[in-house]
Structure formats: C-alpha cells, structure tokens
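Take 20 as the starting number for the sequence shown in the numbering used here and just add one per residue.
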Amino acid sequence: QVQLVESGGGLVQPGGSLRLSCTTSISYFIIRAMGWYRQTAGNQRELVATIPRGGSPNYADSVKGRFTITRDSAKNTVDLQMNSLKPEDTAVYYCNVWTAKNYWGQGTQVTVSS
C-alpha cells in the first residue's frame, strides 16, 4: 500500500520558520517528481514547490526566496524549509509524489499568526 507520511506543520508567528517533511514508500526508481502543494478553504490546491528527478526545483512566485525544497533520494523523503513566513502562507500543505499517477499525503496544517 502506497504511503506518504507528512510531518512538521504547526503554528508560527509571522517571520518565523517551519520545516515540513514527507516520507514515501513509493520506489525511488519510478518517482518522476516530488513536491508540495497547499490549499485553503474554498480554493483549489496550488503548487508550492516541486523537484523533478534529476532536475532543478520549481517554485511558486509567492514563495521564491523564502522556501527551499530538498529531496533525499536515499531516504526517499522530500522536505520544505519555509522561512520568513507570512499570514498568507496559512494553509493545509500536501506532499505530492508523481509517477505515472499522482499520490498525495494526508495534509498538514500550517498556521502563520501572531
């Protein structure tokens, strides 16, 4: 059974940092890309950052310069380091793994508030 397990969400003040982590049971050899998306109530899920196998990271304009996505192929994990967080970053964040299909984690809440 395919599993994506996320961790690291929580409450942080504006300007603070959080690190999200996602571990997957999907074989490294069939993964084409890993990434993070986010969603707020009433809105569509949107791309935050992705990192393709053997390629360079891709970021949403709203997070460039603040967020960094990294992938550890040996551990089969993808992390999202989020710095200089803003209230508008508040959302449920979802880990994504793309093979020939899309797989999603259960989501982790990130709340940026004073």
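The C-beta atom is built at its ideal place from N, Cα and C for all residues, glycine as well.
Remember, it's a predicted structure, so these values are computed and weren't measured experimentally.
**Asked** When we look at the beta-carbon of Thr43 and count the other beta-carbons within 10 Å, is it buried (16 or more) or exposed?
**Response** One-based indexing of the sequence shown puts residue 43 at position 24. Buried, since its Cβ has 16 or more Cβ neighbours within 10 Å.
**Request:** Leaving aside the five residues before and after Ile88 along the sequence, list all residues of the same chain whose C-beta is less than 6 Å from its C-beta, in chain order.
**Result:** Start at 1 with the first residue of the sequence shown, and residue 88 comes out as number 69. Contacts found: Ala68, Ile70, Pro76, Leu99.
**Request:** Using 10 angstroms around the beta-carbon of Val131, count the other beta-carbons present and answer buried if the total reaches 16, otherwise exposed.
**Result:** The count along the sequence shown starts at 1 and reaches residue 131 at position 112. So Val131 ends up on the buried side.
**Prompt:** Hey, quick one: how far does the beta strand (DSSP E) through Asp108 stretch, first residue to last?
**Reply:** If you number the sequence shown from 1, residue 108 lands on position 89. Asp108 -> no beta strand (DSSP E), and no H or E assigned at all.
**Request:** Could you check which residue in Gln125, Gln58, Arg38, Glu107 has the C-alpha nearest to that of Ser133?
**Result:** Numbered from its first residue, the sequence shown carries residue 133 at position 114. Residue Glu107 is the option with its Cα nearest to Ser133.
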